[in-house]
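The structure under discussion appears below in the form of structure tokens.
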Amino acid sequence: MDASSFDRHMMAIALRMAKRGLGTTAPNPSVGAVVADPATGEVAGRGWTQPGGRPHAETEALRRAGARAAGATMYVTLEPCAHHGQTPPCADAIAASGVRRVVIGIEDPDPRTAGGGIERLGAAGLEVATGVLAEEARWVSLGHILRVAERRPFVQVKMALDADGSIARGRAGQPVWVTGPEARARGHLLRAEADAILVGARTVADDDPELTCRLPGLEARSPVRVVLSCSLDMPVEARLIASARAHPVWVFCGAHADPARRALLEASGAEVMTVPSLASGLSLPAVMEALAARGITRLLVEGGPTTWRAFSDADLVDEVVVFQACSKVSDPQGQRLISGQTALETLRRYVPTPGMTLVDTRRIGEDLMHVFRPS
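Quick note: the sequence shown uses my numbering, first residue 3, plus one each step.
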């Protein structure tokens, strides 16, 4: 394997490490790091940002590598920090470790670092390379990038549709499942990778969802639950409100919301925040800015078509994940695969954001998962 191929291979491992921390590190980015010996191909240490944002990935990888870091190469998905926070700069820890070369996916836009980490490494005599698997590294770090650059989190919309592209709404607080258990489990994994999950008040009334992660072993990774309710006309006896003291609930409302209902929600443990209202509802940019200010970097939007379209109209959709049931027909697998073009046409019914492109389609149990991103 040549040097550039080896660099890409090791950076791919670092990216997998970074993905392990998604949903657990806010407000810090989830970073992956690998310490490797290019002469032997051996991985001496791996690390990723730990829950709560510390220790950082670089120091975790160095700790695991120990003395084997001397003369090795470090691969890190995001530029090592150059500022003193609750811990010293990672760039200084790398320089002191004996690592000889550092390969970086992307530079950090955070003004506290923003090239300063690369400068520190170079000044210490280390060889530095950047831009390896940069697009993949950018995608893993996009929540951090958007929070710094646009004062909003990364927004991922999740949809579950029938085979014909329709939505089955719950009634009287009882949800209707259109996809199988495997697809629903994958949806819960999306929750585990999010810092917050958002729905509208109607979804609370129709489905009475808990909005927690119920995958075995990942229950503690349930995201902050966010509800948009302009007038606070949502059921105060809802299950997510009843569990607000166990898992945080933030409710956004308008200035003219019912103060009595606000008091009931707050007495149940929910936090109620007021944002400006528009003719179409609450100001989503104001909601996004408030979430970013509270450290949210990744937001999963579930809800229903009204909420999806509102985010689309506000140009706040970074990714759409569509779980779609398949029609039973007489093909060898007993199912008809839905084409990418058909899936895109279905998506446009609910999320008319221009320029969305299908980037992945895969079978999840008996259903399909389509992933769309802006081109």
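Beta carbons: idealized from backbone N, C-alpha and C, even for Gly.
The structure presented is a predicted model; accordingly, all values stated were derived computationally and were not measured.
Same chain, Cβ closer than 6 Å to M19, neighbours up to 5 away in sequence not counted: G34, R48 and W50
Whole alpha helix (DSSP H) runs in the stretch 32-115 with 4 or more residues, listed along the chain? 59-67 and 92-99
Under 7 Å from any heavy atom of the ligand NAD, does the C-beta of Q343 make it? The model on display carries no ligand, and the ligand NAD is accordingly not part of it.
Between which two residues does the beta strand (DSSP E) holding H372 run? D369 to P376
Out of S270, P237 and C328, state which residue places its alpha-carbon closest to the alpha-carbon of E368. Residue C328 is the option with its Cα nearest to E368.
Should A185 be labelled buried (16 or more other beta-carbon atoms within 10 Å of its own) or exposed? buried
Can the beta-carbon of I2 be found less than 8 Å from the beta-carbon of A139? Lying outside 3 to 377, the shown extent of the chain, residue 2 is not represented and no answer is given.
With a threshold of 16 other CB atoms inside 10 Å of the CB of S2, please say whether the residue is buried or exposed. Here the chain comprises residues numbered 3 to 377, so residue 2 is not present and cannot be evaluated.
Are at least three pairs of beta-carbons, each pair with one atom in the stretch 261-268 and one in the stretch 285-292, less than 8 Å apart? The stretch 261-268 makes no contact with the stretch 285-292: fewer than 3 CB pairs, one atom from each, lie closer than 8 Å.
Inspect the beta-carbon positions of L64 and P31 and report whether they are closer than 8 Å. Going by beta carbons, L64 and P31 fall outside the 8 Å limit.
Go ahead and pull the three-state DSSP assignment for D333. Here D333 scores only 42 on pLDDT, less than 50, and its place in the model is too uncertain to base an answer on.
Less than 8 Å between the C-beta atoms of Q88 and R122, yes or no? no
In angstroms with no decimal places, state the Cα-to-Cα distance between A196 and G256. 25 Å
Contained alpha helix (DSSP H) runs [length at least 4] in the stretch 257-301, N- to C-terminal order: 261-269 and 286-295
Identify the residues that DSSP records as bridge partners of Q158: which are they? L302 and E321
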